[in-house]
Amino acid sequence: MAFKRQLGWLLAVACYNAIFASSAVAAADVEGESILHSEIGRLNNQSLLWGPYRPNIYFGTRPRIGKSLMTGLMWGKIESYTDFQHTVRYTCEQNEGMKGYGWDEYDPRRGGIQSIHDIQNGLDITTSFVKIPGGAHGGSWAARIKGTLNDDAPKDQKTIVVFYVSQEGENSELEAVPSENEFGYEGDVILKGRSEALGNYKLVVTKGKGVIPQSDHDLSRLRGPGQTVVQSLTYPDEVLWQAKPILFQQLKAGIDWLVENKYDVADPPPPWQVYLLANKPGSGNVHIVQKVFEGDFEFDILFSSESAGKEVTSKDLEREVKQATEVFGERFARVFDLKAPFQGDNYKKFGKSMFSNLIGGIGYFYGHSLVDRSYAPEYDEENEGFWEDAAEARARHQEALEGPYELFTSIPSRPFFPRGFLWDEGFHLLPIADWDIDLALEIIKSWYNLMDEDGWIAREQILGAEARSKVPKEFQTQYPHYANPPTLFLVLDNFVERLRKNNASQPVVKDNLSLDETLSTASVDNPEVGLEYLRRLYPLLRRQFDWFRKTQAGDIKSYDREAYSTKEAYRWRGRTVSHCLTSGLDDYPRPQPPHPGELHVDLMSWVGVMVKSLISIGSLLGATEDVEFYTKVLDAIEHNLDDLHWSEKEGCYCDATIDEFEEHKLVCHKGYISLFPFLTGLLKPDSPKLGKLLALIGDESELWSPYGLRSLSKKDEFYGTAENYWRSPVWININYLAIVQLYNIATQDGPYKETARDLYTRLRKNIVETVYRNWEETGFAWEQYNPETGKGQRTQHFTGWTSLVVKIMAMEDISGEGAGASSGGHVRDEL
11 MAFKRQLGWL
21 LAVACYNAIF
31 ASSAVAAADV
41 EGESILHSEI
51 GRLNNQSLLW
61 GPYRPNIYFG
71 TRPRIGKSLM
81 TGLMWGKIES
91 YTDFQHTVRY
101 TCEQNEGMKG
111 YGWDEYDPRR
121 GGIQSIHDIQ
131 NGLDITTSFV
141 KIPGGAHGGS
151 WAARIKGTLN
161 DDAPKDQKTI
171 VVFYVSQEGE
181 NSELEAVPSE
191 NEFGYEGDVI
201 LKGRSEALGN
211 YKLVVTKGKG
221 VIPQSDHDLS
231 RLRGPGQTVV
241 QSLTYPDEVL
251 WQAKPILFQQ
261 LKAGIDWLVE
271 NKYDVADPPP
281 PWQVYLLANK
291 PGSGNVHIVQ
301 KVFEGDFEFD
311 ILFSSESAGK
321 EVTSKDLERE
331 VKQATEVFGE
341 RFARVFDLKA
351 PFQGDNYKKF
361 GKSMFSNLIG
371 GIGYFYGHSL
381 VDRSYAPEYD
391 EENEGFWEDA
401 AEARARHQEA
411 LEGPYELFTS
421 IPSRPFFPRG
431 FLWDEGFHLL
441 PIADWDIDLA
451 LEIIKSWYNL
461 MDEDGWIARE
471 QILGAEARSK
481 VPKEFQTQYP
491 HYANPPTLFL
501 VLDNFVERLR
511 KNNASQPVVK
521 DNLSLDETLS
531 TASVDNPEVG
541 LEYLRRLYPL
551 LRRQFDWFRK
561 TQAGDIKSYD
571 REAYSTKEAY
581 RWRGRTVSHC
591 LTSGLDDYPR
601 PQPPHPGELH
611 VDLMSWVGVM
621 VKSLISIGSL
631 LGATEDVEFY
641 TKVLDAIEHN
651 LDDLHWSEKE
661 GCYCDATIDE
671 FEEHKLVCHK
681 GYISLFPFLT
691 GLLKPDSPKL
701 GKLLALIGDE
711 SELWSPYGLR
721 SLSKKDEFYG
731 TAENYWRSPV
741 WININYLAIV
751 QLYNIATQDG
761 PYKETARDLY
771 TRLRKNIVET
781 VYRNWEETGF
791 AWEQYNPETG
801 KGQRTQHFTG
811 WTSLVVKIMA
821 MEDISGEGAG
831 ASSGGHVRDE
841 L
């Protein structure tokens, strides 16, 4: 309570400081601001230190510390001698016999409950995880692992469960307290450890509940009964993440021992006993805790930080899980106030799952990155045929490991993309910011800590050997001339808007809030703290903008193009004939063949997003000269979008290239690219271009489908061809941008207000229902959706930007139909 009162006092005092004046920062006690900023930063670090920050595995914990304690859970049935090697679960994988898995409810500051429906193993696993604050090392935590056999599984089915613990880093210790007898533990397993970052701690794996299988085979005389066993081992730090190979290496040693003892094949031991490790507890940096159960089971994992002063118990775990569930339900209803027609209990359950899997997919990654800093002249991409020259330069393999770096990030997909993606992150953080803006700011800060001195941030963060193990070799190297859509600016715009709104109202001290809720809005409830954050970030944002303008510049002057500005034109580097991976829209059709005079309308639009954001932040910080400069740049971008990219004939925006006569030429592939000035909010409600874009959106023969907007027009020659990644499927992130802009137009006076209202209402329903139906049928969110059938496809458990559906459900119903549609049933296709 003293801890909470201390924070409450600090935040209350801060509310009395007026810190804005005429859109500029008033004179303030900078030292006082820094103290408060530092204190909130310290409390955030404590609150967010621990978590299931290993989203690539079904359940694993670690702190936000580079080399530290890590845990992971493995399980598999063992009815035959070959079962376990084929049914063991550890890393999240696609098509692994799952009927859905993930967090039913989760808050990174409290914890939550995850359900795993492992139909191949005939088993449902529930992992409950909670955090208990206190002490000087991020507090304590606890988890409950519960296994329930499916109705069609044998009632006496045997399951091997392994809890894998590793401790990296110098000057650290970890040992298993010896067991009651040589064969294993009849009660709890206790591990005691110490490290510089965590201090002293105790990790307890309880005996739990469940039937322990028994055997009267002669092997019991040497191996013992089926009780809990521990093997303590020492391996090089760089291989500690390879839990399954290490486990199987130890299992093989045990099986080899059986073979050497020449057991009678006519009287073999039961399979579970063959796979029971020999009990060898002691010191080491790897500890394998193995249990074997018959039927249902349950046990707890209790981590107690010595500095917290009190050891965590199973009763503490039960209490905290119950409280976390109650708080989550109430808070979710408040933060994401679902609107008609999505107010039924089924949509609430759906929304909780989607959001919890997004925020529960936050991970902490640490390690070296592979970067090619050769700055080969071919990477300037100035000559015709540049993509072939660049390929030859890449083939020289001049990459090298850099780092180690760390990143705190939300991921697109646990089984397929368990790492950081720059352009995905901004979309991830939009719902997360609604829930916990300070958590979102912490993640943004983590990304900008990766920026180099030029202003480059690698678009894909593959940090360490474990992360690289999930990435094909040809995609591992990062290049300092490759850009990616700067979507983090979308989140910063949201933050600035909230800061302005708070400044316009009287300071309010919020009562009856828990510590985690107080921290989740500390930077907006205390505007000077938010301003301090922006002051520190602003130079990095400017550097990133300058890097974009320099490295992704398009050529206007060489080809005698007519445009309002001779500077504002942009081209994605890293193009090939078939792909423009850096744009994020991979195989979307671009001008052919690639040309150094090419200009890309989506990139110009993203630069416009950056400029608008810099104007907003600069105004808040009183950077008058910067604001004047950026305002001129924005004006030039808005004019050049029309001058260089608008096709009156096609009624949309298009990429541009240079034709055989060395003249400017538009290449129009109607689809997402055509809408980008609209999607990024660069068009005014009365823009004459808007009517034609809305017609394109609503045309069923072009982009409109019952399941969302197609990525490419049905009339395009490349529709559904080749890889067909961005050549027809419905993507939720782009549909979200469209829905937001349609709402903005529909709620402002203008000639297209009613058209936008109709499109907004129908598109909002179509998108939500598409994602919901697939989730209900398959148990998963999907990377994309088929525009002809509405079926989810490509990557499963894609709970990254597909989770934007939660924000869409919480948007206003402006259809005029209102409350009558809130029964909780399906929204039919005809709507």
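Just so you know, the sequence shown maps onto residues 11 to 841 in the working numbering. Cβ coordinates follow ideal geometry from the N, Cα and C atoms, glycine included.
Check                                                                                                                                                   : Outcome
Note down, one range per segment and in chain order, each beta strand (DSSP E) of at least 3 residues found wholly within the region 610-639.           : none
In terms of residue numbering, what span does the beta strand (DSSP E) encompassing Arg-424 cover?                                                      : First-last for Arg-424: undefined, no H or E at that position.
Taking the straight line between their C-alpha atoms, what separation do you get for Ala-318 and Asp-526?                                               : 17 Å
Tell me which same chain residues have a C-beta within less than 7 Å of the C-beta of Tyr-91, skipping the five on either side of it?                   : Pro-281, Val-284
Kindly indicate which residue of Leu-693, Asp-768, Glu-673, Pro-797 has the alpha-carbon position closest to the one of Ser-723.                        : Pro-797
Which one of Val-587, Arg-546, Val-296, Ala-186 has the shortest CA to CA distance from Val-214?                                                        : Ala-186
Work out the CA separation of Val-249 and Lys-290 for me, nearest whole Å.                                                                              : 20 Å
Which same chain residues end up closer than 7 Å to Phe-846 when comparing Cβ atoms and leaving out the 5 residues on each side of it in sequence?      : Outside the displayed span of the chain (11 to 841) sits residue 846, for which this structure offers no information.
Measuring only the C-alpha atoms, how far is Lys-659 from Gln-252?                                                                                      : 58 Å
Looking only at its own chain, which residues have a Cβ that is under 6 Å from the Cβ of Gly-661, when we skip the five neighbours before and after it? : Lys-702
Helix, strand or coil for Gln-104, going by three-state DSSP, please let me know.                                                                       : coil
Just to confirm, is the Cβ distance from Gly-148 to Gln-237 under 8 Å?                                                                                  : no
Can you tell me whether DSSP reads Thr-805 as helix, strand or coil?                                                                                    : strand
In the structure shown, what three-state DSSP assignment does Gln-562 receive?                                                                          : coil
Rank Ala-732, Tyr-385, Ile-256 by C-alpha distance to the C-alpha of Pro-246 and give the top, closest one.                                             : Ile-256
Within the chosen definition, does the region 594-607 reach the region 684-698 through at least 3 CB pairs nearer than 8 Å?                             : no
If you reduce the DSSP assignment to three classes, tell me which class Met-461 lands in.                                                               : coil
Here's the rule I'm using: 16 or more other beta-carbon atoms within 10 Å means buried, otherwise exposed. How should Gly-107 be labelled?              : exposed
Roughly how many angstroms lie between the CA atoms of Leu-509 and Asp-462, to the nearest whole one?                                                   : 29 Å
Since Ile-126 and Tyr-174 are thought to touch, with beta carbons under 8 Å apart, how far apart are those beta carbons, to the nearest angstrom?       : At roughly 17 Å, the Cβ-Cβ gap does not stay under 8 Å, so Ile-126 and Tyr-174 are not in contact.
In the DSSP assignment, find the alpha helix (DSSP H) that holds Leu-700 and state where it starts and stops.                                           : 700-708
Output the distance between the C-alpha atoms of Ala-705 and Arg-772, rounded to the nearest integer angstrom.                                          : 14 Å
Per DSSP, what kind of secondary structure is Val-240 in: helix, strand or coil?                                                                        : strand
Nearest by alpha-carbon distance to Leu-631: which of Gly-789, Arg-783, Tyr-543 is it?                                                                  : Tyr-543
So Val-506 and Ile-625 are in contact, right, with Cβ under 8 Å, and what is the actual spacing, rounded?                                               : Rounded, the Cβ-Cβ distance is 10 Å, inconsistent with contact.
Relative to the C-alpha of Pro-62, which candidate in Ile-372, Glu-336, Met-819, Lys-87 has its C-alpha closest?                                        : Ile-372
Span of the beta strand (DSSP E) holding Arg-154?                                                                                                       : 150-159
Please check the pair Leu-502 and His-438, which I expect to be a contact at CB under 8 Å, by giving their CB distance rounded to whole angstroms.      : Contact flag wrong, Cβ pair sits at about 14 Å.
Using the C-alpha atoms, what's the distance from Tyr-111 back to Leu-159?                                                                              : 16 Å
When the Cα of Ile-683 is compared with those of Leu-201, Pro-599, Glu-733, which residue comes out closest?                                            : Pro-599
When the distance is taken between beta carbons, is Thr-487 closer than 8 Å to Leu-380?                                                                 : yes
Can you tell me which of the three DSSP states Ser-825 falls into?                                                                                      : coil
Tell me whether Gln-241 is buried or exposed, calling it buried when 16 or more other Cβ atoms sit within 10 Å of its Cβ.                               : buried
Using a Cβ distance threshold of 8 Å, determine whether the region 762-782 contacts the region 709-718, with at least three qualifying pairs required.  : yes
Measure how close the beta-carbons of Trp-582 and Gly-465 come, nearest whole angstrom, since I'm counting them as under 8 Å.                           : The Cβ separation is near 16 Å, so there is no contact.
Excluding five sequence neighbours on each side, which residues of the same chain lie with their C-beta closer than 6 Å to the C-beta of Gly-194?       : Gly-234, Gln-237, Thr-238, Val-239, Asn-289
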